[in-house]
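In our numbering, the protein residues as written are 340 to 607.
Cβ coordinates follow ideal geometry from the N, Cα and C atoms, glycine included.
Just below is one structure, and these are the notes that go with it.
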């Protein structure tokens with residue numbers, strides 16, 4: 340897969356638009372892994388940790404990967420069955436092109452702007468991050484994640500807004516998930532005091548979701564950052580919501596009040 344992409348002039352041009360760093364093979368391999376896998380795929384993560392993104396991709400796609408101390412034969416076989424369904428170089432190229440079209444930037448583990456706290460997730464850590472806006476906010480000295488219920492009470496949203504507004508006004512970057520309820524209240528409050536806010540999305544950074552937050556997310560891109568570990572074009576789904584990533588970006592400030600049990604605390 341990497342060989343065909345490396346030889347594609349259009350792929351190289353698009354990649355340099357999203358990542359002006361001369362690490363072509365590593366970037367292509369990690370983008371390929373992000374296309375092949377769902378977030379948190381521990382089998383893929385273990386292979387990458389042991390053999391590196393480039394070598395592990397070639398072995399996995401080529402069928403030559405062997406089980407290791409961290410990956411059983413059965414887990415590897417099940418993983419390969421999942422990955423091969425998506426093993427298409429065209430999908431990788433499409434993801435890179437789509438990111439370039441919306442001005443996204445590609446971050447890899449080890450980059451200066453990569454949030455080191457994500458590495459605490461071990462084999463479940465993201466293979467890449469896609470960022471629209473200012474990637475430097477991901478490593479700002481003062482950051483706090485405010486997460487909570489989608490079906491929040493008015494009081495809960497008020498508390499979230501008060502917390503976020505005061506923190507943002509003091510120079511803290513407010514991180515949340517872009518969803519309705521607590522997330523939206525936190526983002527809006529930060530913007531309302533001309534502060535900085537970051538939205539971690541469960542879909543691609545080219546997809547403003549939920550639709551009712553399209554304008555909000557556009558404002559966040561303009562003055563803050565919108566981030567995702569999944570490629571552009573990826574639809575958000577329940578199992579992709581990234582509360583665990585938010586918890587690793589910085590300490591969480593929970594806001595409990597909510598109307599119902601739907602959209603529970605930390606599942607924004």
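If you run the structure through DSSP and keep just helix, strand and coil, what is residue i?
i	result
residue 366	helix
residue 447	coil
residue 541	coil
residue 525	helix
residue 468	strand
residue 569	coil
residue 536	strand
residue 547	coil
residue 564	strand
residue 459	helix
residue 411	coil
residue 340	coil
residue 575	coil
Whose C-beta lies closer than 6 Å to the C-beta of residue i among residues of the same chain, with five residues either side of it excluded?
i	result
residue 599	Reliability of the predicted coordinates at residue 599 is poor, the pLDDT of 47 falling under 50, and the value obtained from them is presented with this limitation in mind. Contacts found: 490.
residue 375	422 and 425
residue 528	500, 503 and 504
residue 395	386 and 387
With a threshold of 7 Å on Cβ separation, who are the neighbours of residue i within its own chain once the five nearest residues in sequence on each side are excluded?
i	result
residue 508	532 and 534
residue 560	471 and 472
residue 369	392, 447, 466 and 467
Quick one, are the C-beta atoms of residue i and residue j less than 9 Å apart?
i	j	result
residue 495	residue 524	yes
residue 540	residue 563	no
residue 674	residue 516	Given a span of 340 to 607 for the chain in the structure shown, any question on residue 674 remains unanswerable.
residue 445	residue 366	yes
residue 545	residue 443	yes
residue 576	residue 542	yes
Tell me which residues share the same chain as residue i and place their Cβ nearer than 8 Å to its Cβ, disregarding the 5 neighbours each side in the sequence.
i	result
residue 547	553, 556 and 557
residue 612	This structure gives no information on residue 612, because the portion of the chain shown stretches from 340 to 607.
residue 432	344, 347, 349, 350 and 353
Problem - Inter-stretch contact at 8 Å, needing at least 3 Cβ pairs: the region 372 to 386 / the region 454 to 473 - result: Yes, the region 372 to 386 touches the region 454 to 473.
Handout entry: Sequence ranges, alpha helix (DSSP H) only - wholly within the region 480 to 527, length at least 4
Key = The region 480 to 527 contains these whole alpha helix (DSSP H) runs: 493 to 508.
Problem - Three CB pairs or more closer than 8 Å across the region 378 to 386 and the region 475 to 484 - result: no
Practice task
Quick one: which unbroken alpha helix (DSSP H) runs of 4-plus residues sit fully inside the region 373 to 409? Chain order, please.
Solution key: 381 to 390 and 392 to 401
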